[in-house]
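Engineer: Have a look at this one.
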């Protein structure tokens, strides 16, 4: 039998440092950047350029490059070229998109430099379960099914029927695992290399063609040998002897362990759900929460690991359609017809939902809703045997079913060419349908309340799930020789010490050592208090009288003063009250009235305090968009509930936000101002944070928003300026990091967010960055290569465009929060090893056993838990030209988490990445809304495919982009 090994391609993607070219049309600032002689303050231990170049080099064995399948390269290149946008919007005519870097140097992820030693040693439990590697050959067969079937569940039913009929005869007693599409896997060879089978499947098992006559459909199924997985490769990878992961072998094992759950539960991604795991919990408006579990095979230092975690998802509640419509509209629909706006709302909510009929006792046919009729049921007619008959008459005569709600429209099912009408009261929502639309605020709150679990409870549920799944009794796991332990992994961890924080010398307490991840501002003053001389207040809350609003502003001003700011107690103009629907007119009035009051002084309004209703709909977003992109005003919004119940803690937190928006600093790391942070304090270092936020599910036309922030002070590294841009729908690569375009007069021009922020750093500090640390949020493992190749190249080109041979060393770190690794205290009764919520202590870091076999990654829980189970952040260093040690990178990341500006707590994600997320979320308000009207037989604007061009976001005003406006 011919056998082809499943192995990675010999081709390797590479990164090349771009050649520097002279920029004919540089701005004056960029020219200054190149020609001005820069002087850097000397660090305590000066390092020569030559020593700097060789310092800290680690001796390693020869590392083989981690390979990328050539198809990955072509797919990414296609995405970039066909995205239809360069990140700058449709107005940037002649803009060039970046292509992939060419190179003669292989791209290899950073290897682990060793294990960290800093901190207090402890032991934690992780929800990873050791999995014994099978010793059997894993074979792959290609599957073809004719006629073609779209549904995975139908495909599975076909293959299951094939196995039932032919396993003992033609399949040699093999029990295969199937991915639901084109691949089938076996432990050992089948008795043939290629074979065709005929499978008959009753249509009642085929959800696409319901039929009461139980008609059978005949399928031709072809199986053809493709390849054999290389388990020796996997063994070497797990032992750290190879760096290129055998993705095919891992994928096969994952599919094998998912085969039985696929039959028992409803699969959603890598999770499985059932209404029997726990009773569904209502979330409102016909949506309920189902409990389930997440399952994924992971390569780790301890070998193969099965990661199991609890999971929750929103499903449609199996209600009568009439009841669902009433919940969607929030009113009784049994007596009144739907208004036009109600009709639009209901149609949008029901499109694509599966229903089953209830007016025929023995028949439960299922249909998918395509729309609503524009006419009420009493007016609907359709041709029967050459004459017109009403829907009401037809259902009465044919089924003896009397339609009572004849004032409501009918459901349209099937296609639009041959419309079928079903009365709402004769239909019920089919159970087990995933709810994919956006949850509203109340539903999100209800879901969080349901899913929030204390660590001990979550740990017990995970263990119970593992035991219930009985992996060692799983026939598929047994067939493939996979054995799984039922014990949590016991992992060595360390608790990193918190950093000392520096406050102003005028305060009673000049420094602070946080306790269990938190501290407060009592007896402390901001290290650099900002100044607010000219401010105004606008009140959009009907229930707040002017005297109450003024009293609140006075209290806020006093708190800012006590905290170390200079804050004028009197506003420029009297407090202005307006209605939320008149937000643009009201803001313009306040702005121009303030400017008139300040006329002659050449000074602008510095701060606008806005009092908003507790439920304010689009008001907050509209206010931020107008202030930051139109008027150039820094704003601080406060909800009505806080105005009536003034809390010192609330005012202290708001004062922290106002200070950084005014360009101040709240606190800094003692090690930073003492020049003691390794690989940060020795030479000017800039720290970037980057993130891309994507539209909600169901929004097919909205752009993705990219944001990049960068530190603007050194050595303090606490101030971060931010830039945002819109890019193609669900494009993860940040398109606007670097760009060029042609100017008819000035020639080739250079721009992009990296370049602009490097220039801003130079302008703010008088120094050029000689080291770059780049924290990138929101990247999944499958996108590591794409993002690193594209964005590292953009950083290179942005630097080279500023100065010949300017290539500061780069460390590129991916930050992940959407993973399912959880860490639990080894002994929940030991109060010294947990915080008040029962979670592991802030500063807990793990870089062994459950981490990558050879690459530089670690889990860090930098925050104290409040409620629920803490999720550690996963940091993966993809590229490291600065030669960080494990302790250096872990301590820097943990210490930065104590510099987050908006509160006096350490946060769960390193602040630059957190700030980038906030900036991207803020910029979502800048996107002009699409027309959301519904055509009678067509999709809404948000259901349509995205256009090839992306409209640029309105530009931030210069005074806004210089400060942390997103806080």
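In our numbering, the protein residues as written are 20 to 986. Built from N, CA and C at the ideal position, the CB exists for glycine as well.
So does the stretch 481-495 actually touch the stretch 159-167, counting three or more Cβ pairs closer than 8 Å?
Structural biologist: Judged by Cβ distances under 8 Å, the stretch 481-495 makes no contact with the stretch 159-167, as fewer than three pairs qualify.
Engineer: Heavy atom of the ligand FAD less than 7 Å from the Cβ of residue 750, yes or no?
Structural biologist: Because no ligand of any kind appears in the structure shown, any question about the ligand FAD cannot be addressed here.
Engineer: Measuring CA to CA, which of 143, 890 and 882 is closest to residue 517?
Structural biologist: Out of 143, 890 and 882, 882 has the C-alpha closest to the C-alpha of residue 517.
Engineer: Could you check what DSSP says for residue 715 in three-state terms: helix, strand or coil?
Structural biologist: Residue 715 falls in the coil class under three-state DSSP.
Engineer: When the Cβ atoms of the stretch 907-921 are set against those of the stretch 684-699, are three or more pairs found closer than 8 Å?
Structural biologist: A contact exists between the stretch 907-921 and the stretch 684-699.
Engineer: Distance check for residue 914 and residue 147, CA to CA, integer angstroms please.
Structural biologist: Answer to the nearest angstrom: the Cα atoms are 28 Å apart.
Engineer: Give me the Cα-Cα distance between residue 194 and residue 219, rounded to the nearest whole angstrom.
Structural biologist: Cα to Cα, the separation comes out at about 20 Å.
Engineer: Helix, strand or coil: which one does DSSP assign to residue 648?
Structural biologist: Helix at residue 648.
Engineer: Tell whether a beta-carbon distance below 8 Å holds between residue 797 and residue 926.
Structural biologist: Going by C-beta atoms, residue 797 is not nearer than 8 Å to residue 926.
Engineer: Could you check which residue in 849, 902, 238 and 909 has the C-alpha nearest to that of residue 987?
Structural biologist: Here the chain has residues from 20 to 986 only, and residue 987 is not among them.
Engineer: Secondary structure at residue 313, three-state DSSP: helix, strand or coil?
Structural biologist: Residue 313: strand per DSSP, three-state reduction.
Engineer: For the alpha helix (DSSP H) that contains residue 931, what are its first and last residues?
Structural biologist: Looking at the DSSP string, the run of the alpha helix (DSSP H) that includes residue 931 is 930-942.
Engineer: Please name the residue in 504, 707 and 863 whose C-alpha comes closest to that of residue 322.
Structural biologist: Ranking 504, 707 and 863 by Cα distance to residue 322 puts 504 first.
Engineer: So the beta strand (DSSP E) residue 768 belongs to, where does it begin and stop?
Structural biologist: Residue 768 -> beta strand (DSSP E) spans 766-770.
Engineer: Please return the same chain residues whose Cβ sits closer than 6 Å to the Cβ of residue 982, not counting the five positions on each side in sequence.
Structural biologist: Within the same chain, residue 982 has close Cβ partners 680 and 682.
Engineer: DSSP three-state label for residue 343, please.
Structural biologist: If DSSP states are grouped into helix, strand and coil, residue 343 belongs with the helices.
Engineer: Nearest by alpha-carbon distance to residue 513: which of 140, 876, 702 and 623 is it?
Structural biologist: Closest by alpha carbon: 140.
Engineer: I think residue 840 touches residue 869, with their Cβ atoms under 8 Å apart; what is that distance to the nearest whole Å?
Structural biologist: Indeed, because the Cβ distance is near 7 Å, the residues count as touching under 8 Å.
Engineer: Would you mind reading off the limits of the beta strand (DSSP E) that contains residue 244?
Structural biologist: Taken as a continuous stretch (DSSP letters only), the beta strand (DSSP E) holding residue 244 covers 235-248.
Engineer: For the 8 Å Cβ check, are there 3 or more pairs between the stretch 933-949 and the stretch 722-737?
Structural biologist: Output reads yes: the stretch 722-737 touches the stretch 933-949.
Engineer: When burial is assigned at 16 or more other CB atoms within 10 Å of the CB, is residue 187 buried or exposed?
Structural biologist: By the 10 Å Cβ count, residue 187 comes out exposed.
Engineer: Since residue 391 and residue 440 should fall inside the 8 Å C-beta cutoff, what is the C-beta to C-beta distance between them, to a whole number of angstroms?
Structural biologist: Their Cβ separation, rounded to whole angstroms, is 10 Å, which puts residue 391 and residue 440 out of contact at 8 Å.
Engineer: Check each candidate in 409, 509 and 667 and name the one with the smallest Cα separation from residue 576.
Structural biologist: Checking every option, the nearest Cα to that of residue 576 belongs to 667.
Engineer: Between 670, 457, 625 and 612, which has its C-alpha nearest residue 541's C-alpha?
Structural biologist: Checked all of 670, 457, 625 and 612; the closest Cα to residue 541 is 670.
Engineer: Bridge partners of residue 827, per DSSP?
Structural biologist: According to DSSP, residue 827 bridges with nothing at all.
Engineer: Pick out whichever of 305, 378 and 548 has its Cα sitting closest to the Cα of residue 455.
Structural biologist: Residue 455 has its Cα closest to that of 305, out of 305, 378 and 548.
Engineer: Which stretch, first to last residue, makes up the beta strand (DSSP E) that contains residue 865?
Structural biologist: Segment 863-865, the beta strand (DSSP E) holding residue 865.
Engineer: Excluding the 5 residues flanking residue 530 on each side, which residues of the same chain have their C-beta closer than 7 Å to its C-beta?
Structural biologist: Within the same chain, residue 530 has close Cβ partners 519, 520, 521, 522 and 689.
Engineer: DSSP on residue 205, reduced to helix/strand/coil?
Structural biologist: Residue state, collapsed to three classes: strand.
Engineer: When we look at the beta-carbon of residue 417 and count the other beta-carbons within 10 Å, is it buried (16 or more) or exposed?
Structural biologist: Burial call: exposed.
Engineer: Quick check on the burial criterion: 16 or more other C-beta atoms within 10 angstroms. Buried or exposed for residue 539?
Structural biologist: Exposed: under 16 other Cβ atoms inside 10 Å.
Engineer: Indicate whether the contact test is met: 3 or more Cβ pairs, each with one atom in the stretch 554-563 and one in the stretch 597-606, closer than 8 Å.
Structural biologist: Yes: the two stretches touch, three or more of their Cβ pairs being nearer than 8 Å.
Engineer: For residue 464, is the classification buried or exposed, using 16 other Cβ atoms within 10 angstroms of its Cβ as the cut-off for buried?
Structural biologist: Burial call: exposed.
Engineer: Just how far apart, CA to CA, sit residue 880 and residue 855?
Structural biologist: Each residue's Cα considered, the two are about 15 Å apart.
Engineer: Provide the residue span of the alpha helix (DSSP H) that contains residue 606, from first to last.
Structural biologist: From DSSP, the alpha helix (DSSP H) with residue 606 extends over 602-616.
Engineer: For the beta strand (DSSP E) that contains residue 291, what are its first and last residues?
Structural biologist: First-last of the beta strand (DSSP E) with residue 291: 290-292.
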